[in-house]
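Since the structure comes first, as structure tokens, the remarks are kept for the end.
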Amino acid sequence: MGIEKMSMMSAEGPIGQLDEALMACCESGQFQMTSGSIARSANAQNPYSGIYTRIRDMAVNLKIEPEYCDFKYLPYETAEDFENYFDGISKRYDEINEKYLEVTRSLDEHKSTESYLKHLVGMDVSFKELFAMKYVKLRIGRLPVENERKLKYYEEKCFSFFPFERNDGYVYGLYLVPTTLTEFADEIMRSLFFERTRLPDYLQEDPENADKKLSEQIAEEEKEKLRLEKETAYLTDELKGDFRAVMCKLKFKSDCFELRRKAIITEDRFSFTGYCPTREFKKIEKAVEELDGVSCVEIPVEKKDAPADVPIKLRNNIITRPFEMFVKMYGLPTYGAFDPTPYVAWTYMILFGIMFGDVGQGLLITILGIILTKKTKNGLAPIMTRLGLFSMCGGCIYGSVFGIETIIKPIYHREEIWKSACRLFGNLGVSEHPESIFQAATAVLIVSLAIGVVLILISMIFNMVLKFRAHKLGEALFSVNGAAGIIFYVSLVAAAAGQLMYGVKMFTAPYVICLIVLPLVAIFFKEPLGDLVTGKKSAEKKTVGNFIIENFIEIFEAVISFLSNTMSYLRVGGFVLSHAGFMLVVSQLAGTADASAPITAKTIIAYVIGNLVVMGIEGLLVGIQALRLEFYEIFNRFYDGSGKSFAPTEIKLDV
9 MGIEKMSMMS
19 AEGPIGQLDE
29 ALMACCESGQ
39 FQMTSGSIAR
49 SANAQNPYSG
59 IYTRIRDMAV
69 NLKIEPEYCD
79 FKYLPYETAE
89 DFENYFDGIS
99 KRYDEINEKY
109 LEVTRSLDEH
119 KSTESYLKHL
129 VGMDVSFKEL
139 FAMKYVKLRI
149 GRLPVENERK
159 LKYYEEKCFS
169 FFPFERNDGY
179 VYGLYLVPTT
189 LTEFADEIMR
199 SLFFERTRLP
209 DYLQEDPENA
219 DKKLSEQIAE
229 EEKEKLRLEK
239 ETAYLTDELK
249 GDFRAVMCKL
259 KFKSDCFELR
269 RKAIITEDRF
279 SFTGYCPTRE
289 FKKIEKAVEE
299 LDGVSCVEIP
309 VEKKDAPADV
319 PIKLRNNIIT
329 RPFEMFVKMY
339 GLPTYGAFDP
349 TPYVAWTYMI
359 LFGIMFGDVG
369 QGLLITILGI
379 ILTKKTKNGL
389 APIMTRLGLF
399 SMCGGCIYGS
409 VFGIETIIKP
419 IYHREEIWKS
429 ACRLFGNLGV
439 SEHPESIFQA
449 ATAVLIVSLA
459 IGVVLILISM
469 IFNMVLKFRA
479 HKLGEALFSV
489 NGAAGIIFYV
499 SLVAAAAGQL
509 MYGVKMFTAP
519 YVICLIVLPL
529 VAIFFKEPLG
539 DLVTGKKSAE
549 KKTVGNFIIE
559 NFIEIFEAVI
569 SFLSNTMSYL
579 RVGGFVLSHA
589 GFMLVVSQLA
599 GTADASAPIT
609 AKTIIAYVIG
619 NLVVMGIEGL
629 LVGIQALRLE
639 FYEIFNRFYD
649 GSGKSFAPTE
659 IKLDV
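Numbered according to the working numbering, the sequence shown terminates at residue 663, and the numbering increases by one at each position without gaps.
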């Protein structure tokens, strides 16, 4: 478990094997290429990207769904080869498509004309006679019904409107006007929102006969359109196999050309470097060295003095692996540092189980997590499975099964255990015979604070150990989260607990001076003390005033943070009580608070809905609050997430 050990890998060989070597590395899914000094083709344009775009667009037109397939049998290698292939396909497709577009345009035009002719059926004058008039012009179209009455104001303006039909808020008809007044009449009708329809010249007969002939022509064009669609489908079926292979090979060629920019290329040789997990090197080496003249060299990256660009890949067991998502959200550790994933996983699961303890609801969350894990790729699904199990453990402690506390005996009803706990709590007034979780609220909150103290101390110990490993003795010994901070925090908590719980007066002068004041003094003078133990002087020079102000503010902030971080864990106990409160409300609404009340269908429905609502609302809130405790109360004390993620180089053949 922890951070995957990485190796620097270098591949070298004849230029003719470059694409295959890149492909072999990328197919492993475990190789991240680094940029090299480019000897030539630094600014060369990718010759494959343009033709790939055109072929991809052609695939859309031919309705060929892109998918990966073997392309090694294809003879095409250069961009010119692919251009010739595309030109041949394009010529065949364009011939069909041109006819199809022409028929489609004609069909749309004829259908539009037909829809208008239906409004003119009944007019007993042929279009030929109307179009042949020399001194009178006519306009056919439609006018909004509400504007028809406005035409009476223009009765003396030398044009006449003849309506044929009223439909869909429009009146369809034509108006006649002397040739000399055409522009004047057209302007008036435009102001009334008259929409003119220009009938085609081939209409010669009256509307009824013209409509019949037009219907026959539309039927012929629809047949032709269907024939062309079938011809396109036949072309698609004929080309589908090779076409997909061509797309894959083009994408491969295009991506390889982009990767070439990261390789060192001479006249007849190439070399490139990258990172891979050490345990995967042999597999990659075997695949690459199968190519003639290509060789690989491995240089393991040591944790000490590792380059800054070493990528980070986490490696954890099946239980903690899903929680890598939370670590990545905050930031990956640096190479050779501490991977907090196991710590995050166990503390998060424990905190969630304490705050959301219910056997029944936990079981449902686990089942839902298993289903979502199988059906989706959501990273939260496997986390839900684990949280549900810990929720069930918490429910066993509280005796809660879907909020019912009579099925399992809760811990506060186990007299021997509870009486021992009461003696441990000392003088804090914990009820020895609580009837419900609410009467044990004091104990719940005290345990929450104790959990917070333990987690804060563990985080500080992690920080101290990591600083020692990094040879930062000054920070390990004298920082707020180092040895001095640990002594101060433990001493303060122990004295306060002894005073409040057992009446032991620990805040004596020697205790305060040695275990509280001296650690604060060490934190205040951490820089000069650090220089003293390391034998090195700090390069940064400060005035006495700046030194006093900065360190005083740091100590003040540290004391406040200790208090606020510790008190923040009261939310753990708060959510325990709020969950019990939610379920009490559900039982009241369902009518099950009274054990003697009859169970009806209405009661069951109300109880089911109530449980689902509580699971949705409180489950989400508890998940967020537990994550908040991880990020703000735990990570801040020891973790620096400044690492860069391992991103394997890919040639995406899924086009």
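Quick reminder that beta carbons are idealized off the backbone N, C-alpha and C, glycines included.
Residues near residue i by beta carbon distance below 6 angstroms, same chain, minus five either side
| i | result |
| --- | --- |
| Gly407 | Glu413, Ile416, Lys417 and Pro418 |
| Cys401 | Gly361 |
| Phe470 | Phe646 |
| Ser279 | Glu20 and Ile272 |
| Ser18 | Thr281 and Val305 |
| Lys545 | Asp539 |
Contact test: residue i Cβ vs the ligand MG heavy atom, cutoff 7 angstroms
| i | result |
| --- | --- |
| Lys427 | Ligands are entirely absent from the displayed structure, and the ligand MG is therefore not among its contents. |
Per-residue DSSP class, three states only, for residue i
| i | result |
| --- | --- |
| Arg422 | coil |
| Ile278 | The displayed chain sequence assigns Phe, not Ile, to residue 278. Three-state DSSP puts Phe278 in a strand. |
| Ser43 | coil |
| Tyr93 | helix |
| Glu156 | helix |
| Lys145 | strand |
| Tyr178 | strand |
| Arg269 | coil |
| Cys77 | coil |
| Ala19 | strand |
| Leu322 | strand |
| Tyr467 | The sequence given here places Ser at residue 467; Tyr does not occur at that position. Helix. |
| Val367 | helix |
| Phe532 | helix |
| Tyr183 | strand |
| Ile292 | helix |
| Ser168 | strand |
| Val302 | coil |
| Glu173 | strand |
| Tyr577 | coil |
Minimum C-alpha distance to residue i - residue among the options
| i | options | result |
| --- | --- | --- |
| Leu247 | Leu70, Thr112 and Phe167 | Leu70 |
| Arg100 | Leu222, Thr240 and Ile466 | Thr240 |
| Gly249 | Leu82, Lys321, Phe278 and Cys284 | Leu82 |
| Thr190 | Lys107, Phe646, Glu558 and Tyr143 | Tyr143 |
| Gly21 | Val622, Ala29 and Asp366 | Ala29 |
| Met31 | Phe570, Ile617, Glu297 and Ile378 | Glu297 |
| Ser36 | Cys284, Met197 and Asn489 | Cys284 |
| Ile292 | Asp276, Val584 and Gln40 | Gln40 |
| Ile23 | Glu562, Thr274 and Val541 | Thr274 |
| Lys160 | Gly96, Tyr178, Met197 and Ile494 | Met197 |
| Ile425 | Gly411, Ile405, Cys33 and Ser444 | Ile405 |
| Ile59 | Ala484, Cys166, Ser262 and Ser586 | Ser262 |
| Asp317 | Ala609, Thr342 and Leu481 | Thr342 |
Bridge-paired residues (DSSP) for residue i
| i | result |
| --- | --- |
| Leu629 | DSSP lists no partner for Leu629. |
| Met14 | Pro285 |
| Gly651 | Leu340 |
| Arg204 | Gly149 |
| Val409 | Ile412 |
| Pro308 | Ser15 |
Residue i versus residue j: straight-line alpha-carbon distance, rounded
| i | j | result |
| --- | --- | --- |
| Thr349 | Thr551 | 42 angstroms |
| Glu626 | Arg113 | 60 angstroms |
| Gln53 | Cys264 | 13 angstroms |
| Leu500 | Ala491 | 14 angstroms |
| Gln38 | Ile391 | 25 angstroms |
| Ala353 | Val455 | 20 angstroms |
| Val68 | Thr244 | 11 angstroms |
| Gly460 | Tyr577 | 5 angstroms |
| Glu229 | Ile617 | 59 angstroms |
| Tyr640 | Thr286 | 34 angstroms |
| Glu12 | Met337 | 19 angstroms |
| Lys475 | Val488 | 12 angstroms |
| Ser43 | Met591 | 59 angstroms |
| Ile464 | Val473 | 14 angstroms |
| Phe260 | Lys220 | 57 angstroms |
| Phe90 | Ile97 | 11 angstroms |
| Phe583 | Gly631 | 11 angstroms |
| Gly511 | Ser467 | 29 angstroms |
Same chain only: Cβ atoms within 7 angstroms of residue i, ignoring 5 sequence neighbours per side
| i | result |
| --- | --- |
| Ser303 | Glu20, Gly21 and Glu297 |
| Leu457 | Thr574, Tyr577 and Leu578 |
| Ile358 | Phe398 |
Neighbourhood of residue i by C-beta, 8 angstroms cutoff - its chain only, sequence neighbours within 5 removed
| i | result |
| --- | --- |
| Ile104 | Leu236, Glu239, Thr240 and Leu243 |
| Ala566 | Val488, Gly493 and Ile531 |
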